[in-house]
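First to last, the protein sequences are chains W and R. One gets the numbering used here by counting positions in the first sequence from 1 and adding 13 to each. One gets the numbering used here by counting positions in the second sequence from 1 and adding 13 to each.
2 protein chains.
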Amino acid sequence: MSFLTKENGSGKARHGGKVWQVREELLQALDLKDGAVVSFHHHLRNGDGVMNLILQGLQKQGVKGLTLMASSIFPVHGVLRPLLQDGTITNIITSYISGPLGEAVSRGELQGQILMQSHGGRARSILSGEIVVDAAFIAAPSADPMGNISGVNGKNACGALGYAMADAQKAKTVIAVTDEVVPYPNFPADITQDLVDGILVVESIGEKAGIVSGTTKVTKDPIGLKIARDTLEVMEATGLLKEGFSYQSGAGGISLAVTSSLRDYMREKGLVGSFASGGITGHLTQMLEEGLFRALYDVQCFDLQAIDSLKKNPAHLRMSASQYGNPSVSSVVEKLDLVILGATEIDVDFNVNVTTGADGVLMGGSGGHQDTASGSQVSIIVSKLLSSRLPFIRERVDCITTPGSVVDVLVTERGIAVNPNRQDLLEKLTAAGLPVKSIYALKQEAEALMGVPKAIQKTGRVIGHSQSRTGEILDEIYQVEVE
Amino acid sequence: MSFLTKENGSGKARHGGKVWQVREELLQALDLKDGAVVSFHHHLRNGDGVMNLILQGLQKQGVKGLTLMASSIFPVHGVLRPLLQDGTITNIITSYISGPLGEAVSRGELQGQILMQSHGGRARSILSGEIVVDAAFIAAPSADPMGNISGVNGKNACGALGYAMADAQKAKTVIAVTDEVVPYPNFPADITQDLVDGILVVESIGEKAGIVSGTTKVTKDPIGLKIARDTLEVMEATGLLKEGFSYQSGAGGISLAVTSSLRDYMREKGLVGSFASGGITGHLTQMLEEGLFRALYDVQCFDLQAIDSLKKNPAHLRMSASQYGNPSVSSVVEKLDLVILGATEIDVDFNVNVTTGADGVLMGGSGGHQDTASGSQVSIIVSKLLSSRLPFIRERVDCITTPGSVVDVLVTERGIAVNPNRQDLLEKLTAAGLPVKSIYALKQEAEALMGVPKAIQKTGRVIGHSQSRTGEILDEIYQVEVE
Numbered sequence: 014m015s016f017l018t019k020e021n022g023s024g025k026a027r028h029g030g031k032v033w034q035v036r037e038e039l040l041q042a043l044d045l046k047d048g049a050v051v052s053f054h055h056h057l058r059n060g061d062g063v064m065n066l067i068l069q070g071l072q073k074q075g076v077k078g079l080t081l082m083a084s085s086i087f088p089v090h091g092v093l094r095p096l097l098q099d100g101t102i103t104n105i106i107t108s109y110i111s112g113p114l115g116e117a118v119s120r121g122e123l124q125g126q127i128l129m130q131s132h133g134g135r136a137r138s139i140l141s142g143e144i145v146v147d148a149a150f151i152a153a154p155s156a157d158p159m160g161n162i163s164g165v166n167g168k169n170a171c172g173a174l175g176y177a178m179a180d181a182q183k184a185k186t187v188i189a190v191t192d193e194v195v196p197y198p199n200f201p202a203d204i205t206q207d208l209v210d211g212i213l214v215v216e217s218i219g220e221k222a223g224i225v226s227g228t229t230k231v232t233k234d235p236i237g238l239k240i241a242r243d244t245l246e247v248m249e250a251t252g253l254l255k256e257g258f259s260y261q262s263g264a265g266g267i268s269l270a271v272t273s274s275l276r277d278y279m280r281e282k283g284l285v286g287s288f289a290s291g292g293i294t295g296h297l298t299q300m301l302e303e304g305l306f307r308a309l310y311d312v313q314c315f316d317l318q319a320i321d322s323l324k325k326n327p328a329h330l331r332m333s334a335s336q337y338g339n340p341s342v343s344s345v346v347e348k349l350d351l352v353i354l355g356a357t358e359i360d361v362d363f364n365v366n367v368t369t370g371a372d373g374v375l376m377g378g379s380g381g382h383q384d385t386a387s388g389s390q391v392s393i394i395v396s397k398l399l400s401s402r403l404p405f406i407r408e409r410v411d412c413i414t415t416p417g418s419v420v421d422v423l424v425t426e427r428g429i430a431v432n433p434n435r436q437d438l439l440e441k442l443t444a445a446g447l448p449v450k451s452i453y454a455l456k457q458e459a460e461a462l463m464g465v466p467k468a469i470q471k472t473g474r475v476i477g478h479s480q481s482r483t484g485e486i487l488d489e490i491y492q493v494e495v496e
Numbered sequence: 014m015s016f017l018t019k020e021n022g023s024g025k026a027r028h029g030g031k032v033w034q035v036r037e038e039l040l041q042a043l044d045l046k047d048g049a050v051v052s053f054h055h056h057l058r059n060g061d062g063v064m065n066l067i068l069q070g071l072q073k074q075g076v077k078g079l080t081l082m083a084s085s086i087f088p089v090h091g092v093l094r095p096l097l098q099d100g101t102i103t104n105i106i107t108s109y110i111s112g113p114l115g116e117a118v119s120r121g122e123l124q125g126q127i128l129m130q131s132h133g134g135r136a137r138s139i140l141s142g143e144i145v146v147d148a149a150f151i152a153a154p155s156a157d158p159m160g161n162i163s164g165v166n167g168k169n170a171c172g173a174l175g176y177a178m179a180d181a182q183k184a185k186t187v188i189a190v191t192d193e194v195v196p197y198p199n200f201p202a203d204i205t206q207d208l209v210d211g212i213l214v215v216e217s218i219g220e221k222a223g224i225v226s227g228t229t230k231v232t233k234d235p236i237g238l239k240i241a242r243d244t245l246e247v248m249e250a251t252g253l254l255k256e257g258f259s260y261q262s263g264a265g266g267i268s269l270a271v272t273s274s275l276r277d278y279m280r281e282k283g284l285v286g287s288f289a290s291g292g293i294t295g296h297l298t299q300m301l302e303e304g305l306f307r308a309l310y311d312v313q314c315f316d317l318q319a320i321d322s323l324k325k326n327p328a329h330l331r332m333s334a335s336q337y338g339n340p341s342v343s344s345v346v347e348k349l350d351l352v353i354l355g356a357t358e359i360d361v362d363f364n365v366n367v368t369t370g371a372d373g374v375l376m377g378g379s380g381g382h383q384d385t386a387s388g389s390q391v392s393i394i395v396s397k398l399l400s401s402r403l404p405f406i407r408e409r410v411d412c413i414t415t416p417g418s419v420v421d422v423l424v425t426e427r428g429i430a431v432n433p434n435r436q437d438l439l440e441k442l443t444a445a446g447l448p449v450k451s452i453y454a455l456k457q458e459a460e461a462l463m464g465v466p467k468a469i470q471k472t473g474r475v476i477g478h479s480q481s482r483t484g485e486i487l488d489e490i491y492q493v494e495v496e
């Protein structure tokens, strides 16, 4: 679809670049039918105001049976709970869900089902045509009248827009939703005008505070720091920490502590890596500036330093979710040597759950977890064995987010476990004198101290599935009992 | 298609990034069938070695009936003439053809037909699926082992790769052909790894001398300079030469002279434009550096200064052919105020021919001519009325490249003609006291001095068509008599 307009005396046609000032008028023009698929990206995180604004507009219009395809869903989207109950939204496809909406889905309030994808799997499903998006609403920190969208310009700049790119490329209609229209041309453009059909101007796309954190913090907890130090030793023992190596870690406290120890190690050894990737933090942009990495691949900025770096540093590279982790193409994760990941639960087969919590309620999702674990040479899970509310090592995780077949090492404060399918790593870590134990041994230690967990109270009703990045079903997700 | 490989002990799959050292082995793996569509881009211009290398390889393989989809074809490709005769290549789709291959086609040596598209029309036909490319061979000045292609890195750097992007996005298989494999990651990447299935390493992708000219020259001819000065006055009279205006011109001598006069004018008036676009020359990059334009949109670099600027200047922006001129989307040409274009012939209906020459032989093509004329607010054709070998104004051009409906003004040394469908411009130019004449009057002046041209000797055989950017047939192209 494209909104054709005439702007000049010549009668030469003009496409796109049509700026809408009134939400209702745009939604009327779009004329979405019951059962339509609408997509959103989550770079504004818990500060996002666009998804609520558009979906409440569609509710007013009386559209029913929508499939909400959001790259992630946060607590701020809890106000949409009534739209589940009244059947405005009947299905959800996402890579992460936390807060009231996750609870509502787990309590059985969604009439249809929820599909949990990885970031790379989401891009695959859109680009392959497996899922057809009728309208993509792209929260744009800035846009010009022709539709060039930049994530680094604008008062609500959020940085890279990697998760929105597949949507922009394939959705039947693409709408930039912005609170800052800038003069043409808007650059650097994360999404270019040729992919955008219209622009909706709104008062605000979100709450700055929820969009970016000033800085992401390294853990100060001594146990977390010990796990980080041991993890660095594991990385060294793999033999992968050499000139030109590549690295990714999450933004959790322990993962950041690993990055911080890695930085000291690289400076001491004069080691230079090829790239670091993923959601980017100021800790990594600092390492880029120090020459410790030649480049950064950024799909999403986690803090202000990252946004600033993306705007200024030519070696700080944008990447789309497809380029990042689409299993159907040559992606960045396939060039990744080492990835540091967290986990809510892990089981004796090394399956990892970051989708549901202690009570079986949806409180997360794969994001890039599955993609980086699959693509990397060595994936390392870092976690405390004891401190978490629920026993960390289970006989079987509640929900498989990332299959054990691609999870290689687990590092805890009580020891290190290696996946039996990685004998090569087991030998290297043992030879390095690291405290390697079987995952069963670690499980017994934990249960001796914390007891065996009781099963989660669930109904028999399947409310959705965890999907592998290549499209197969990994696990069922069940409705939980309401206390 | 993607070449799956295994690189590490983990058995984790790897896509793409497969580097081939032997042309024959790659072509065997591709296994192209008779009748396949193979595409190439022309950023290496008359220095390109890739199209000959690949097509001669396919000839050796015995593949027949290929459709050659090349963004442009140059004299250097004349060595492919035997492949027309033996039926290796039976159809050609291109936006520009000059040299022996154009002659061969005009002489009837192509068993099938030739389709002449505009640059934007080519992108439209590929992205819409109207034409399905089986294999795209992308001449890459540099590529890393995962397939990230950069046009600004490498000994044969040619700059922007705008014409190859639709091919990279939609072709069933995408092969980067390079003579420089660089460490991962290669950046800035014009085409990213997720779009590339394999890399073929060759000794040389082309002849530096033919790839870029050291600098493009402004005409010194006094008549050309007079036309340039008058053209600037026309631009001023349109009222479009104001803060934030946009501009494009060809790289011909007179067009460059217009750009040069415009530069003086802007410096004098302290005028700043929003952007200049198209094939970019050092004349424009200098104006960017002087702050006369806020940005450049570059689909192809014409000289070394442009390549250097693209590499260093963040306001020098890459654009794909679709972003440039695809009529199905919101494109840059639709934001263009003024475009300066050349012509081989123009007729009394303002139809322009830049496809065939005096003798009716193929010697050019639309390139962006049709796209910029259609998209711009005012399109201006600059040409000498008398000096060219053939009478310049005809009753009917030999071949319509750009329809008169989007050609607004003609500036010659003998006067200025305005398209009757632009009364608004006629009034403005007359009010400005410019020497406006009817195109019939200019035609008579020319014929009085040069005589009426005799018709071109042609056979009745249609060998191909000139296509409008939106996909309709504009004109037939006929086989010419062999003298």
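In this text, a Cβ means the ideal position worked out from N, Cα and C, and glycines have one as well.
How about residue i and residue j: do their beta carbons lie closer than 7 Å?
i: residue 219 (chain W); j: residue 62 (chain W); result: yes
i: residue 45 (chain W); j: residue 68 (chain W); result: no
i: residue 309 (chain W); j: residue 334 (chain W); result: no
i: residue 466 (chain W); j: residue 404 (chain W); result: yes
i: residue 476 (chain R); j: residue 447 (chain R); result: no
i: residue 164 (chain R); j: residue 203 (chain R); result: yes
i: residue 114 (chain W); j: residue 86 (chain W); result: yes
Please report the residue range of the beta strand (DSSP E) in which residue i lies.
i: residue 261 (chain W); result: 259-262
i: residue 110 (chain R); result: No beta strand (DSSP E) contains residue 110 (chain R), which DSSP labels as neither H nor E.
i: residue 471 (chain W); result: 471-480
i: residue 422 (chain W); result: 422-425
i: residue 313 (chain W); result: 306-314
i: residue 223 (chain R); result: Counting along the chain, residue 223 (chain R) falls outside any beta strand (DSSP E), though it belongs to the alpha helix (DSSP H) covering 221-224.
Assign residue i to one of three DSSP states: helix, strand, or coil.
i: residue 498 (chain R); result: Shown here, chain R extends from 14 to 496; a query on residue 498 (chain R) therefore has no answer.
i: residue 248 (chain R); result: helix
i: residue 18 (chain W); result: With a pLDDT of only 46 at residue 18 (chain W), under 50, the local geometry of the prediction cannot be trusted, and the value read off the model is given with reservation. In the structure shown, residue 18 (chain W) sits in a strand (DSSP, three-state: E or B).
Could you spell out the range, first to last residue, of the alpha helix (DSSP H) harbouring residue i?
i: residue 441 (chain R); result: 436-444
i: residue 65 (chain W); result: 63-74
i: residue 183 (chain W); result: 178-183
i: residue 321 (chain R); result: 317-325
i: residue 463 (chain R); result: 452-463
On the CB-based measure, 16 or more other CB atoms within 10 Å of its CB, does residue i come out buried or exposed?
i: residue 387 (chain W); result: buried
i: residue 400 (chain W); result: exposed
i: residue 346 (chain R); result: buried
i: residue 472 (chain R); result: exposed
i: residue 453 (chain W); result: exposed
i: residue 154 (chain W); result: buried
i: residue 206 (chain R); result: buried
i: residue 377 (chain W); result: buried
i: residue 141 (chain R); result: exposed
Positions along the segment 174-190 of chain R whose CB lies within less than 9 Å of some CB in chain W:
182
Quick one, which residues of the segment 341-359 of chain W are near chain R if we go by CB-CB under 8 Å, in chain order?
341, 342, 343, 344, 345, 347 and 348
Anything in the segment 148-161 of chain W with a Cβ closer than 8 Å to a Cβ of chain R? List those residues in chain order, please.
159 and 160
In chain order, what residues of the segment 202-219 of chain R put their CB closer than 7 Å to some CB of chain W?
205, 206, 207 and 209
For the segment 285-317 of chain R, which residues have a CB atom closer than 8 Å to at least one CB atom of chain W, in sequence order?
287, 288, 307, 308 and 310
Compile a chain-ordered list of the residues in the segment 400-418 of chain R whose CB is closer than 7 Å to at least one CB of chain W.
none
Near-chain R residues of the segment 119-150 of chain W - C-beta to any C-beta below 7 Å:
Residues: none.
Anything in the segment 248-269 of chain W with a Cβ closer than 9 Å to a Cβ of chain R? List those residues in chain order, please.
257 and 259
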